[in-house]
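Okay, structure first, notes after.
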Ligand SMILES: [Zn+2]
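Structural data, given as structure tokens:
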């Protein structure tokens with residue numbers, strides 16, 4: 026599964042995609058920026074349009090550039106003018122991957138009729154942008170089955186090469202009225218099977234444990250900003266899902282690493298830990314943030330590499346039991362493995378990361 030690192034234009038440090046940076050992560054294959062960051066800053070928008078997004082961010086060619094529509098942040102009041110601006114931006118800034126200008130996200134608290142209303146609006150926008158490279162978006166929720174049926178019924182949407190799935194996190198975290206996780210996972214399996222010919226992107230997957238779910242569900246790519254959010258709160262990620270608080274930055278509280286976990290962190294081969302060791306992770310200010318963010322993203326990329334390798338080798342079931350922490354997602358992973366049954370040992374395949382055949 027391809028890990029797409031979410032960036033923030035407010036602070037581009039650490040420059041993990043940049044071979045000239047001491048924090049460069051050679052394993053990083055894709056980054057994502059949000060259109061919301063350009064929408065808020067006309068100067069930034071102008072520069073990206075004039076130079077192209079790749080030159081503006083100075084991202085080397087092997088790293089794919091994903092753009093998010095930022096709908097969640099900027100479309101609360103609707104408005105087609107923003108959609109037109111977004112379209113003009115896409116045409117001139119040339120991201121490699123971009124969703125439809127707007128998608129209306131159904132919240133777990135919504136009634137089924139309200140969720141259906143979001144679906145109709147999102148599908149109508151998808152249909153309007155049917156002929157070009159815009160990835161249609163569908164949402165996890167009680168009407169995902171209807172989304173799947175509607176996309177398959179539309180000739181234009183059916184012809185798309187890409188499809189993005191949003192809204193998974195609130196539903197898996199069991200917000201009030203959220204569907205039980207077994208239903209959410211069953212729906213995602215159904216989506217993977219229904220769109221076997223498409224590249225599926227899963228929006229907003231936070232940490233290492235949710236990465237396991239995405240890989241087992243056969244998603245092609247996921248994006249995460251969790252590496253930065255956690256770093257800002259003084260948190261580092263350990264392989265196998267654990268979050269540990271290493272820097273006391275004020276009001277945030279969390280579990281500190283055990284002595285054994287500190288030893289693991291001291292031995293961490295990521296660029297930040299190799300440079301500054303555990304003291305770097307504990308530093309305050311920008312230096313500490315850079316170290317923790319780099320460490321977190323390296324851990325996520327390494328986790329993805331290990332998951333894919335074990336799925337490919339048919340050793341995933343034996344490996345994850347000891348590797349994975351007791352995260353809140355653990356029962357979901359156990360459940361998913363039971364459901365997938367023998368289907369998990371795929372053998373050689375053109376897309377070996379896929380858990381669902
Ligand atoms: Zn590290």
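In the working numbering, the protein residues as written are 26 to 382. Ideal Cβ positions, reconstructed from N, Cα and C, are used throughout, including at glycine.
Between the C-alpha atoms of residue 260 and residue 194 there is a straight-line separation of about 20 Å.
For residue 176, the enclosing alpha helix (DSSP H) covers residues 169–178.
Under the three-state reduction of DSSP, residue 74 is assigned to helix.
Checking the 7 Å criterion, the Cβ of residue 143 is out of range of every heavy atom belonging to ligand 1. In this structure residue 144 touches residue 168 by the C-beta definition: roughly 5 Å separates them, less than 8 Å.
When 212, 63 and 300 are compared, the shortest CA-CA separation from residue 364 is found for 212. Taking residue 112 as the centre and dropping the five residues before and after it, the same chain places the C-beta of 126 closer than 7 Å to its C-beta, in chain order. Along the stretch 105–148, the alpha helix (DSSP H) occurs as fully enclosed runs of 4 or more residues at 105–118, listed in sequence order.
Excluding the 5 residues flanking it on each side, residue 229 has same chain C-beta neighbours closer than 6 Å at 194, in chain order. Residue 164 sits away from residue 154, with the two beta carbons spaced by 8 Å or more.
By the Cβ rule, the stretch 209–223 counts as touching the stretch 242–250, because three or more pairs are nearer than 8 Å.
When DSSP states are grouped into helix, strand and coil, residue 46 belongs to the coil group.
In the DSSP assignment, residue 251 falls within the unbroken alpha helix (DSSP H) covering 251–257. Here the stretch 273–280 does not lie against the stretch 288–303, with fewer than 3 beta-carbon pairs under 8 Å apart. Rounded to whole angstroms, residue 263 and residue 133 show a C-alpha spacing of 30 Å.
In this structure residue 326 touches residue 52 by the C-beta definition: roughly 4 Å separates them, less than 8 Å. Here DSSP, grouped into helix, strand and coil, assigns residue 225 to strand. Scanning the stretch 308–353 for uninterrupted alpha helix (DSSP H) segments of 4 residues or longer gives 310–338 and 341–348, listed from N- to C-terminal end.
Burial of residue 249 is indicated by the presence of at least 16 other C-beta atoms within 10 angstroms of its C-beta.
Taken atom to atom, the span from the alpha-carbon of residue 267 to that of residue 58 is near 26 Å. Counted as a single uninterrupted DSSP element, the alpha helix (DSSP H) harbouring residue 359 occupies residues 355–365.
Around the beta carbon of residue 85, fewer than 16 other beta carbons lie within 10 angstroms, which makes this residue exposed. Every residue whose Cβ sits closer than 5 Å to any heavy atom of ligand 1 is listed here in chain order: 293, 295, 298 and 320. Sorting 349, 36, 80 and 312 by C-alpha distance to the C-alpha of residue 62 places 36 at the top. In the assembly as shown, residue 31 is a buried residue. Its beta-carbon has 16 or more other beta-carbons within 10 Å.
If you ignore the 5 residues before and after residue 265, its C-beta comes within less than 7 Å of the C-beta of 233, 348, 349 and 350, all in its own chain and listed in chain order. Residue pairing by DSSP places residue 91 opposite 57 and 122 in a beta bridge.
Exposed is the label assigned to residue 87, since fewer than 16 other Cβ atoms lie within 10 Å of its Cβ.
Excluding five sequence positions before and after residue 186, the CB atoms of its chain that fall closer than 7 Å to its own CB belong to 223 and 224, given in chain order. Counting only residues of its own chain and dropping the five nearest sequence neighbours on each side, residue 320 has a CB closer than 7 Å to the CB of 261, 293, 295, 297, 298 and 306. For residue 130, same chain residues with a beta-carbon under 8 Å away, outside a window of 5 residues either side, are 96, 97, 143, 164, 191 and 192 in chain order. Close CB contacts of residue 313 within its chain, under the 6 Å cut and outside five residues either way in sequence, are with 272 (chain order). Annotation: residue 119 to residue 128 spans about 20 Å, alpha carbon to alpha carbon. Per DSSP, residue 197 is one residue of the alpha helix (DSSP H) stretching across 193–197.
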